[in-house]
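**Student:** What follows is a single structure, and I will ask about it in a moment.
Numbering (our numbering), first residue to last: 1473 to 1720.
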């Protein structure tokens, strides 16, 4: 990706491909900012990703703990249904989602786009957090209950502080889903001012040609924040995803 971004324009489509170009092209890194609202797309992407995390993580934590701690009628069937939602292709539900959001007046809004992502993020987050809870000794919960703590108090005072790696893991997962999603962003967002990064990149595709160098440069810009974010949270993500895996 970076190699193609640095290629001079006349070498991007050359055949046979040039392995070592005679010169590198850095001017396009500035040109894309002049031709496209890169910072606006980036801010929209960050906003949608953060909204998705805020809207999806709290209910996933509560549901995951409920599946882990309590026995209720239909528990097994509901848990299997979570896995079933992961099998359904997201494109299958684009039209129903569009009709629902259109009736709410949210088809061309970032909050509406974030709401659609809850359908893919919450089920997986519940499953991940459910598996992580097996790494927390149940004796801690029982001791807190004996001391007079309510089930909600146990969740807030015991489970949440001990589940920070798991919470970070599902937050990263939710953030990455919203950051990379294309189909819903293209379908729901009509105004260029609301486009996210992946929706904006396709504007480099013309009727007769594709500006590969500009596409790759824009991808580099949008990949750098994600890479930095991942490296800062990598150890929490790995521990959160693997904790309780053997018992799960």
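The beta carbon of each residue, even a glycine, is placed where N, CA and C say it ideally should be.
These figures come from a predicted structure and were not determined experimentally.
#1: Does the beta-carbon of residue 1702 have 16 or more other beta-carbons within 10 angstroms, so that it is buried, or is it exposed?
#2: Could you pull the DSSP bridge partners for residue 1677 from this structure?
#3: Along the chain, which unbroken stretches of the alpha helix (DSSP H) at least 4 residues long are found entirely within the segment 1615–1676?
#4: By Cβ distance, which residues of its chain are closer than 8 Å to residue 1671, with the 5 residues on each side in sequence left out?
#5: Excluding sequence positions up to five away, which residues of its chain have a Cβ less than 6 Å from the Cβ of residue 1690?
#6: Looking only at its chain, what residues have a beta carbon closer than 8 Å to the beta carbon of residue 1629, apart from the 5 residues adjacent to it on each side?
#7: When you compare the CB positions of residue 1593 and residue 1705, do they come within less than 8 Å of one another, or not?
#8: At the level of alpha carbons, what is the spacing between residue 1635 and residue 1605?
#9: Going by beta carbon distance, what residues of the same chain come within less than 7 Å of residue 1424, once the five residues before and after it are set aside?
#10: Whole angstroms is fine: what's the gap from residue 1539's alpha carbon to residue 1602's?
#11: By the DSSP assignment, the alpha helix (DSSP H) with residue 1505 in it spans what residues?
#12: Could you give the residue range of the alpha helix (DSSP H) that holds residue 1515?
#13: Quick check on residue 1502: buried or exposed, where buried means 16 or more other Cβ atoms within 10 Å of its Cβ?
#14: Indicate whether residue 1626 and residue 1474 have their beta-carbon atoms separated by less than 8 Å.
#15: Taking only the alpha-carbon atoms, compute the straight-line gap between residue 1526 and residue 1573 and give it to the nearest angstrom.
#16: Flag residue 1531 as yes when its Cβ comes closer than 7 Å to any non-hydrogen atom of the ligand MN, and as no otherwise.
#17: What does the Cβ neighbour count give for residue 1651, buried or exposed, with the cut at 16 atoms within 10 Å?
#18: What does the Cβ neighbour count give for residue 1694, buried or exposed, with the cut at 16 atoms within 10 Å?
#19: Beta-carbon separation of residue 1522 and residue 1639 under 8 Å?
**Tutor:** Looking at the coordinates:
#1: exposed
#2: 1682
#3: 1623–1626, 1636–1652, 1655–1660 and 1669–1673
#4: 1513, 1654, 1657, 1658 and 1661
#5: 1504 and 1673
#6: 1616 and 1621
#7: no
#8: 8 Å
#9: Since the displayed the chain opens at 1473 and closes at 1720, residue 1424 lies outside it and no answer follows.
#10: 7 Å
#11: 1500–1507
#12: 1510–1541
#13: exposed
#14: no
#15: 19 Å
#16: This structure lacks the ligand MN, and indeed carries no ligand of any kind.
#17: buried
#18: buried
#19: no
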